[in-house]
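Note sheet for the following structure.
2 protein chains.
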Amino acid sequence: MREEPGGSLILYHGWSSSASRKVRFALAEKQLAYTSHPINVRKNEHHAPAYRKINPNGLVPALVHNGVQLIESTFIGEYLDEAFPDRPIRPADPVERHAMRLWCRDVDEKYLPAVLKHNWQLTIHPIAREWSDAELDEKLANIPNPQRRQFWYRMARDPFTRDELEEATAVMRGLIRQMEETLSVSDRPWLTGETFSLADISVTPYVKRIEELDPAQLDPSTNPRTADWWQRLTARPGFQAAHIGAYSEQADPEYPGPRVTDNPVDT
Amino acid sequence: MREEPGGSLILYHGWSSSASRKVRFALAEKQLAYTSHPINVRKNEHHAPAYRKINPNGLVPALVHNGVQLIESTFIGEYLDEAFPDRPIRPADPVERHAMRLWCRDVDEKYLPAVLKHNWQLTIHPIAREWSDAELDEKLANIPNPQRRQFWYRMARDPFTRDELEEATAVMRGLIRQMEETLSVSDRPWLTGETFSLADISVTPYVKRIEELDPAQLDPSTNPRTADWWQRLTARPGFQAAHIGAYSEQADPEYPGPRVTDNPVDT
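Listed in order, the protein sequences are those of chains A and B.
The C-terminal residue of the first sequence carries number 267 in my numbering, and the numbering is unbroken.
The C-terminal residue of the second sequence carries number 267 in my numbering, and the numbering is unbroken.
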């Protein structure tokens, strides 16, 4: 075993990045103080060699705990719960924990790619379209993952069509449908049961984005269980301390971030 | 909490399926007795409505524990270690456990798609090419996942080219390179450190397949650390009880399976 839990936590994150929002929420729920290093993804700071020493994949977020680099938001969530057992964010029951991991995986594999289309169209396209071919090549040469690099080229020169964006919204409506069904069948307050968990944390940035793109989905008359869940979730002090605000505002490169960045929950 | 660990374990699995091999290995390492239900994927048994009641995704493996259905081999591995804490297959240290999850994810996202091309070319294509268009539509209508269905159509009518297969082999060589580097840098016996873990289990079916496709990769003169790791891994009683044999033999629809199927390790 390594040294005792505790010590320094440094979070490298984007204010509007969905994966970063998940980790800020997890840190806030566990009431862990951390040093905040915002990375401006619209200025390509996550592709810079300095940041790639922290996350070689050039993605946000990354967490550094006592000098150890940790990547991938879902695994950072599990890590935090294992390194800091107080205020658990995973159910104790193995069956519920298995269900939690299926939720986290659905978010990463299905809902993240859908929301990225909307987010990048809004934020990356207007910037990248202004770059010359030479500038584009130069800026994107730093992106380690070939699929990701291709996605940036696409965003620069060939933005998503209205049909593609509508298809992405339909996928995100599928998340609300999946949540409504789960909450109805189980008749329990959180996605995996009685315990608020990483499953609830994982879907949060996506539900927040649906609230902006298609607010009727969160109307009690349409999806009563999910609407109730959302009201209870957004009332949590942890949610409020996680700074999961309006996407368009937080994606602004001039967004200053909250004034206090190193201690999400004081209570 | 649910009832105490123990009770009945039923494994639905394919003898040659990489994900099934991982779960058989995990069960054997933990010395858990289970009832074996082989599913013949070349006879489309995993797409049949009866099996889709157990795994709605129509994929092997699935584990049923005291009536609870568990899917996704990586998450089944974590589940087994949480429901049955004896003989752990995850490191206790949170940093090593985080590294374990990155290995498991690389296997699922990068190496599984590469090995599937070789495996399906050998097993699915010769069967599916004989079906008429009407038979193909009828058989594939049961596949729930559209990408998976598309993959079956492709295998039936448009098998992978030599270049595509060589590219897949190159990806698999990348696994050996990644292992050799990890084992060299850490100078420890297993992928995540001193503890044999789900990381080692996850890569096993893929290393076994490389042993068939490109045996020079496991030569001590080429990759000494990985060759040594493979020798120690295959000597484990758990590996031997997991029935991870020659792919081509176990993919044969007439493969009878081992005679004793319900108790992998007697010691």
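Glycine included, each C-beta is placed from N, C-alpha and C at the ideal position.
| Item | Value |
| --- | --- |
| Near-chain B residues of the stretch 88-115 of chain A (beta-carbon distance less than 8 Å), N- to C-terminal order | ALA92, ASP93, PRO94, VAL95, ARG97, HIS98, ARG101, LEU102, ARG105 |
| LYS117 of chain A, buried or exposed, once every other Cβ within 10 Å from all chains shown has been counted against 16 | buried |
| LYS22 of chain B burial status per 10 Å Cβ neighbour count (16 or more: buried) | buried |
| HIS243 of chain A (DSSP reduced to helix, strand or coil) | coil |
| ALA294 of chain A vs CYS104 of chain A beta-carbon contact at 8 Å | Since the first residue of chain A shown is 1 and the last is 267, residue 294 of chain A is not available in this structure. |
| Which of helix, strand or coil DSSP assigns to SER16 of chain B | coil |
| Chain A contact for ALA26 of chain B (CB, 8 Å cutoff) | no |
| Length of the line joining the Cα atoms of PRO268 of chain B and ALA168 of chain B | Outside the shown range of chain B (1 to 267) lies residue 268 of chain B, about which nothing can therefore be said. |
| Residue ranges of each alpha helix (DSSP H) within the stretch 187-248 of chain A, 4 or longer | 198-213, 224-234, 237-241 |
| Limits of the unbroken beta strand (DSSP E) element including ALA114 of chain B | Premise fails: ALA114 of chain B lies in the alpha helix (DSSP H), 112-128, not in any beta strand (DSSP E). |
| Contacting positions in the stretch 179-211 of chain B - beta carbon closer than 8 Å to chain A | none |
| MET1 of chain B at chain A interface by Cβ criterion, 8 Å | Interpretation of MET1 of chain B is limited by its pLDDT of 36, a score under 50 that renders its predicted location unreliable; the figure taken from the coordinates is listed afterwards. Closer than 8 Å: yes. |
| Where VAL23 of chain B falls: helix, strand or coil (DSSP) | helix |
| Contact with chain B by GLU29 of chain A, beta-carbon distance below 8 Å | no |
| Chain-ordered neighbours of GLU78 of chain A on chain B, where CB pairs are closer than 8 Å | ARG97, HIS98, ARG101 |
| CB contact below 8 Å: LEU11 of chain A versus chain B | no |
| ALA48 of chain B, enclosing beta strand (DSSP E) - first and last residue | Here ALA48 of chain B belongs to no beta strand (DSSP E), and DSSP marks it neither H nor E. |
| CA nearest to the CA of ARG299 of chain A, picked from A:PHE151, A:ILE201, A:ALA251, A:ALA156 | Because residue 299 of chain A is not part of the residues shown, which for chain A are 1 to 267, the question remains open. |
| Per-residue contacts from VAL41 of chain A into chain B (C-beta, under 8 Å) | What VAL41 of chain A touches in chain B: nothing, since even the nearest Cβ is about 22 Å away. |
| Identity of the residue in A:ASN55, A:GLY174, A:ASN119 nearest VAL68 of chain A by Cα | A:ASN55 |
| Short Cβ contact (8 Å threshold) for SER184 of chain A with ARG90 of chain A | no |
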